[in-house]
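Numbering (my numbering), first residue to last: 1034 to 1163. Presented below is the structure to which this report refers.
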């Protein structure tokens, strides 16, 4: 079955989704949070979530958006960002990019061993009581 309305595609990743497209996405998902499966009630805060996150190669288009309850959306976003950071760190390690060492100098020289006491030792066992 073909679409009667053309799919909305954002010009950039930061393009805000128009209200009529938000309503269309909400209806298409039956008013349910796609993360928890719970029905979103009137007045309950919800956001549109990219099913495949933008940082992980997803697109800013209608077919990649779904309604999500605000709390669940924040949890998923945190996981997406953590996943991207892990992938980027492993990629950098595999191609040989490392953070430079913070210590640039050779550090402190080890001190010389002390061969004798600088002053004679006064042991209590050897002292004569006055």
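Note that beta-carbon positions come from the ideal geometry of N, C-alpha and C, so glycine has one too. Nothing here was measured: the structure is a model prediction, and the numbers come from that model.
Determine the burial state of residue i: buried for a count of at least 16 other Cβ atoms within 10 Å of its Cβ, exposed for fewer.
| i | result |
| --- | --- |
| residue 1056 | exposed |
| residue 1083 | buried |
| residue 1053 | exposed |
| residue 1095 | buried |
| residue 1102 | buried |
Kindly give me the distance between the Cβ atoms of residue i and residue j, rounded to whole angstroms, as I take these residues to be in contact under 8 Å.
| i | j | result |
| --- | --- | --- |
| residue 1100 | residue 1130 | The Cβ separation is near 39 Å, so there is no contact. |
| residue 1145 | residue 1113 | With 8 Å as the limit, residue 1145 and residue 1113 do not qualify as a contact, their Cβ atoms being about 57 Å apart. |
How long is the line joining the alpha carbons of residue i and residue j, rounded to whole angstroms?
| i | j | result |
| --- | --- | --- |
| residue 1047 | residue 1138 | 45 Å |
| residue 1062 | residue 1122 | 35 Å |
| residue 1051 | residue 1109 | 23 Å |
| residue 1039 | residue 1093 | 15 Å |
| residue 1162 | residue 1153 | 19 Å |
| residue 1071 | residue 1125 | 39 Å |
| residue 1080 | residue 1041 | 17 Å |
| residue 1107 | residue 1066 | 13 Å |
Smallest Cα separation from residue i: which of the options?
| i | options | result |
| --- | --- | --- |
| residue 1076 | 1085, 1064, 1113 and 1119 | 1064 |
| residue 1043 | 1068, 1098 and 1079 | 1098 |
| residue 1105 | 1162, 1161 and 1073 | 1073 |
| residue 1045 | 1080, 1078, 1071 and 1091 | 1091 |
| residue 1116 | 1107, 1135 and 1089 | 1089 |
Report the three-state DSSP secondary structure of residue i (helix, strand or coil).
| i | result |
| --- | --- |
| residue 1087 | helix |
| residue 1040 | coil |
| residue 1072 | strand |
| residue 1117 | helix |
| residue 1145 | coil |
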